[in-house]
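What follows is a single structure, written as structure tokens, with notes after it.
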Amino acid sequence: MATVRDIEIHDSAAQAAQAAEELQDAVGEKMVLNMGPSHPATHGVLRIVLELDGEIITKADPDVGYLHRGDEKIAENMTYTQFIPYTDRLDYLAPLANNVAFALAVEKLLGIEKDLPPRCQYIRVMCAELARISAHLLGLGAFAMDLGAVTVFLLTFTEREKIYNLAEAICGARFTTSYTRIGGVMRDIPPTWLDQCRKFCDEFIPALDEVETLLTRNRIWVDRVRGLAVISKEDAIDYGLSGPNLRGSGIEWDLRKNQPYLCYPDLTFDIPIGSVGDCYDRYLVRMEEMRQSVRILEQCIRKIPGGADNKTKEPVNVADGKIVLPPKQNVMTKMEELIHQFILVTQGMNCPPGEIYFGHENPKGELGFYINSKGGGTPYRMKIRAPSFVNLSIIPKIFPGCLISDTVAVLGSLDFVMGECDR
Amino acid sequence: MEFRGEITLIIADAEKIAEVCRYAKNDLDFNYLVDISSLDNYGNDPRWTVVYHLRGLRHGAELRLKTDVSEEKSELPTVTTVWQTANWHEREIYDMMGIRFRGHPDLRRILMWEGYPYFPLRKDFPLAGKPSDLPGVAFTKPAPLEGGPFVTAPGGEDAIHREPRVRNPEQ
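Those protein sequences? They're chains A and B, same order as listed. All residue numbers for the first sequence refer to this note's numbering, where the first residue is 454 and numbers rise by one. All residue numbers for the second sequence refer to this note's numbering, where the first residue is 1015 and numbers rise by one.
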């Protein structure tokens, strides 16, 4: 009997405690909100599990991998040249830059990066800078649209369309370009391309000015992004940020300047850096980077060896038949070229054993390829260091304290691509 | 070891990797961790190699650290205490290769889903993949309007049976 009474007393006490707890919960209850994976502001398939106290985020847990295709595994099973189309699908907003990055990485493994003909280097720089403008335009347009400025999106997409036209003119594809080859490019630029490019540069700056009038001093825009999600210098380095996100925090680090490749040392351009590290700084850095890219493009148009129609017959590929495919007419008539063609297509170029890491300044940040080769035409292991993957890892750090409506602004300012993040 | 101007150091004892990294960061000013990757030396012993890419943003130099881990052990200390960015890199290596990092704050799968039974970047995992079950995380509970007149029914054999406009109200 005594035991039963004891339990009854204990039970009522527990009930009272539970009732008090419930009362408290109603005041300070945390809510878990699932954002994504198909949310318009996550720009792809990012999922973030948010823990909310009212409207304020207390915890954020990003969940990536919805677009995982196993690119690194695929790379181990094919030749280097065959992997080029896969690089289009990493950062699919800047395929030309990915092509350049991958080609440079394999050329570093082969030890031929210094032998690239100057014309090829200039073409690649122009491709990379056009891709940078294109990627920043999309990032900016989506960023502004998420915060309600739809006009910006229309303006930037008009300009992006012209870049797609330029990409189409050099390689036939607008989106999945696969323009570079190991040791060169697919084909020389068409004679009218430099003029088209110049026309684009001339039209682009006024359009960018218009975007800037719409945003930079716009009260609504500034109120929404200034002081939001500040990333300190120490955090930016600690979390391994790269690209505009790193420079937005005030760190002067750009691989084009600090570890120069291609013909970047011959070109003059500035590296914009932010002072505070908030969303507004990251926005300003991207705006200025686009202007600098146009500056680089204009210099390239002026300085490219061979000029528009390449009257002097400047080569665009390295002169090594064991790396670059020979011209088709020679394959059909000459024995040696036929052998080269056969070996290159069936086995790939003969890479030395060894390991290299090459980091390329992509629009989103440092796109790095770590290639471990045991010799032959396929990599033993290829690790892709994706800037979006690393940049997203800072979300649990910067989200707490933001309002739920700020998430779209922070995500827009981080400017990531899930194709590259998930690989 | 040097190849193409890149310097690689091999750390003989994987247990010391965190100490080495802390020394490199604090005393040699390699303040930026670029990347961590892993190798599967299938058929050789020790089976795993973990590769760290370090960079000093102030002096611009780069350094690669490599350390071997045996298959029986498959474990080494985490470097998340040195760089926060190691968190996701180490989760990815755990996810893809199955190497565990001791002391990692949150060692879960990152690209594959929780409960996935394999480690796909291992050399003995086939390129075509292996069949596995997807977890039933989505749509486990019936939707509020399921079965109503304007809701497409899931799992019907063809469009005529799925589309609400052609469905018979009596059925």
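All C-beta atoms, glycine included, are put in the ideal place defined by N, C-alpha and C. The structure presented is a predicted model; accordingly, all values stated were derived computationally and were not measured.
ask   = Would you say residue 794(A) faces chain B, with C-beta separation under 9 Å as the test?
value = The sequence position of residue 794(A) within the first sequence is 341, counting from 1. With 9 Å as the cut-off, residue 794(A) does not count as an interface residue toward chain B.
ask   = Roughly how far, in whole angstroms, is the beta-carbon of residue 569(A) from the beta-carbon of residue 777(A), given that I think they are within contact range, below 8 Å?
value = Indexing the first sequence from 1 puts residue 569(A) at position 116. Indexing the first sequence from 1 puts residue 777(A) at position 324. At roughly 11 Å, the Cβ-Cβ gap does not stay under 8 Å, so residue 569(A) and residue 777(A) are not in contact.
Chain-ordered neighbours of residue 1071(B) on chain A, where CB pairs are closer than 7 Å = For the purposes of this step, residue 1071(B) is taken as the residue at position 57 of the second sequence. In chain order: 690, 704 and 706.
key: Touching by the beta-carbon criterion (3+ pairs, under 8 Å), the region 576 to 590 of chain A and the region 847 to 867 of chain A   = no
query = If contact means a Cβ-Cβ distance below 8 Å, which residues of the region 793 to 825 of chain A contact chain B?
reply = 807, 808, 809, 810, 812, 819, 821, 823 and 825
ask   = Helix, strand or coil: which one does DSSP assign to residue 814(A)?
value = For the purposes of this step, residue 814(A) is taken as residue 361 along the first sequence, with counting starting at 1. Strand at residue 814(A).
ask   = Which residues does DSSP pair with residue 514(A) in a beta bridge?
value = Translated into the one-based positions of the first sequence, residue 514(A) becomes position 61. Paired residue(s): 502(A).
key: Coarse secondary structure for residue 1080(B), derived from DSSP in three states   = Here the question's residue 1080(B) lines up with position 66 in the second sequence. In the structure shown, residue 1080(B) sits in a strand (DSSP, three-state: E or B).
request  = Return the CA-CA distance between residue 692(A) and residue 529(A), expressed in angstroms with no decimal places.
outcome  = Locating residue 692(A) in the first sequence gives position 239, where the first residue counts as 1. Locating residue 529(A) in the first sequence gives position 76, where the first residue counts as 1. Going from the Cα of residue 692(A) to the Cα of residue 529(A) covers about 29 Å.
message = Could you compute how far the alpha carbon of residue 841(A) sits from the alpha carbon of residue 813(A)?
response = Here residue 841(A) is taken as the residue at index 388 of the first sequence, counted from 1. Here residue 813(A) is taken as the residue at index 360 of the first sequence, counted from 1. The alpha-carbon atoms of residue 841(A) and residue 813(A) are separated by roughly 14 Å.
Stretch pair the region 667 to 682 of chain A + the region 725 to 743 of chain A: three plus CB contacts closer than 8 Å = yes
ask   = Using a beta-carbon distance below 9 Å, is residue 873(A) in contact with chain B?
value = Position 420 of the first sequence, counting from 1, holds the residue named residue 873(A). No, residue 873(A) lies away from the interface with chain B (no Cβ there is under 9 Å from its Cβ).
task = Hey, could you find the ends of the beta strand (DSSP E) residue 1091(B) is sitting in?
result = Counted from its first residue, the second sequence places residue 1091(B) at position 77. Looking at the DSSP string, the run of the beta strand (DSSP E) that includes residue 1091(B) is 1089 to 1091.
task = Kindly say whether residue 1145(B), judged by its beta-carbon, lies nearer than 9 Å to any beta-carbon of chain A.
result = As a first step, residue 1145(B) must be located in the second sequence, where it is residue number 131. So no, residue 1145(B) is outside the interface.
ask   = Whose C-alpha, out of 1141(B), 1121(B), 1103(B) and 1073(B), is nearest the C-alpha of residue 1051(B)?
value = Looking up residue 1051(B) in the second sequence gives position 37. Nearest of 1141(B), 1121(B), 1103(B) and 1073(B) to residue 1051(B), Cα basis: 1103(B).
message = Pairs of beta-carbons, one from the region 500 to 509 of chain A and one from the region 525 to 540 of chain A, closer than 8 Å: are there three or more?
response = no
message = Suppose the cutoff is 7 Å on Cβ atoms and the five residues either side in sequence are ignored; what does the same chain contact list for residue 635(A) look like?
response = Along the first sequence, one-based indexing puts residue 635(A) at 182. Here the set comprises 533, 534, 556, 559, 560, 776 and 802.
inquiry  = Considering only DSSP beta bridges, list what residue 1065(B) is partnered with.
reply    = Against the second sequence, residue 1065(B) aligns to sequence position 51. Answer is 1051(B) and 1080(B), bridged to residue 1065(B).
Contacts of residue 1020(B) in chain A (Cβ-Cβ under 7 Å) = Residue mapping note: residue 1020(B) aligns to position 6 of the second sequence, counting from 1. Those within 7 Å of residue 1020(B) in chain A are 809 and 810.
query = Looking at the structure shown, is residue 1023(B) part of a helix, part of a strand, or coil, going by DSSP?
reply = Within the second sequence, residue 1023(B) is the residue found at index 9, counting from 1. Of the three classes helix, strand and coil, the one that applies to residue 1023(B) here is strand, per DSSP.
query = Nearest chain A C-beta to residue 1041(B) closer than 9 Å, yes or no?
reply = Within the second sequence, the letter at position 27 stands for residue 1041(B). No, residue 1041(B) does not count as interfacial toward chain A.
message = So for residue 826(A), helix, strand or coil by DSSP?
response = Translated into positions along the first sequence, residue 826(A) becomes position 373. Looking at residue 826(A) - three-state DSSP - the assignment turns out to be strand.
message = Rounded to whole angstroms, what is the Cα-Cα separation between residue 1021(B) and residue 667(A)?
response = The count along the second sequence starts at 1 and reaches residue 1021(B) at position 7. The count along the first sequence starts at 1 and reaches residue 667(A) at position 214. Straight-line Cα distance between these residues: approximately 49 Å.
query = Just checking my contact of residue 593(A) with residue 605(A) at CB under 8 Å: how many whole Å lie between their CB atoms?
reply = As a position in the first sequence, residue 593(A) is number 140, starting the count at 1. As a position in the first sequence, residue 605(A) is number 152, starting the count at 1. So it is a contact: roughly 7 Å between Cβ atoms.
key: Same chain, Cβ closer than 7 Å to residue 903(A), five either side skipped, listed in chain order   = Since the displayed chain A opens at 454 and closes at 876, residue 903(A) lies outside it and no answer follows.
task = Put residue 1110(B) into one of helix, strand or coil per three-state DSSP.
result = Along the second sequence, one-based indexing puts residue 1110(B) at 96. If DSSP states are grouped into helix, strand and coil, residue 1110(B) belongs with the helices.
ask   = At a Cβ cut of 7 Å, what residues of the region 827 to 852 of chain A count as close to chain B, listed as they run along the chain?
value = 834, 836, 838, 842, 843 and 846
task = Output yes if chain A places a C-beta closer than 9 Å to the C-beta of residue 1033(B); else output no.
result = For the purposes of this step, residue 1033(B) is identified with residue 19 of the second sequence, where counting begins at 1. So no, residue 1033(B) is outside the interface.
task = Quick one: give me the first and last residue of the alpha helix (DSSP H) that residue 486(A) is part of.
result = Stepping through the first sequence from its first residue, residue 486(A) is reached at position 33. Premise fails: residue 486(A) lies in the beta strand (DSSP E), 483 to 488, not in any alpha helix (DSSP H).
key: Classification of residue 1146(B) by the beta-carbon crowding that lies within 10 angstroms, buried from 16 upward   = Here residue 1146(B) corresponds to residue number 132 of the second sequence, with the count starting at 1. Exposed, since its Cβ has fewer than 16 Cβ neighbours within 10 Å.
Simplified DSSP state of residue 835(A), which is helix, strand or coil = Counting from 1 along the first sequence, the entry for residue 835(A) is found at position 382. In this structure, residue 835(A) counts as strand in the three-state DSSP scheme.
query = residue 1074(B) touches chain A at which residues, Cβ-Cβ below 8 Å?
reply = Locating residue 1074(B) in the second sequence gives position 60, counting from the first residue. Going along chain A in sequence order, the residues near residue 1074(B) (Cβ under 8 Å) are 711 and 712.
inquiry  = Give me the residue from 750(A), 661(A) and 640(A) with the minimum Cα distance to residue 590(A).
reply    = By one-based count along the first sequence, residue 590(A) stands at place 137. When each option's Cα is compared against that of residue 590(A), the closest is 661(A).
Chain-ordered chain A contacts of residue 1047(B) [CB-CB under 7 Å] = Here the question's residue 1047(B) lines up with position 33 in the second sequence. Within 7 Å Cβ-Cβ: 693.
request  = Output the distance between the C-alpha atoms of residue 626(A) and residue 827(A), rounded to the nearest integer angstrom.
outcome  = Within the first sequence, numbered from 1, the residue matching residue 626(A) stands at position 173. Within the first sequence, numbered from 1, the residue matching residue 827(A) stands at position 374. Roughly 34 Å between the two C-alpha positions.
task = Please determine if the region 1049 to 1066 of chain B and the region 1135 to 1146 of chain B are in contact, where contact requires at least 3 C-beta pairs separated by less than 8 Å.
result = yes
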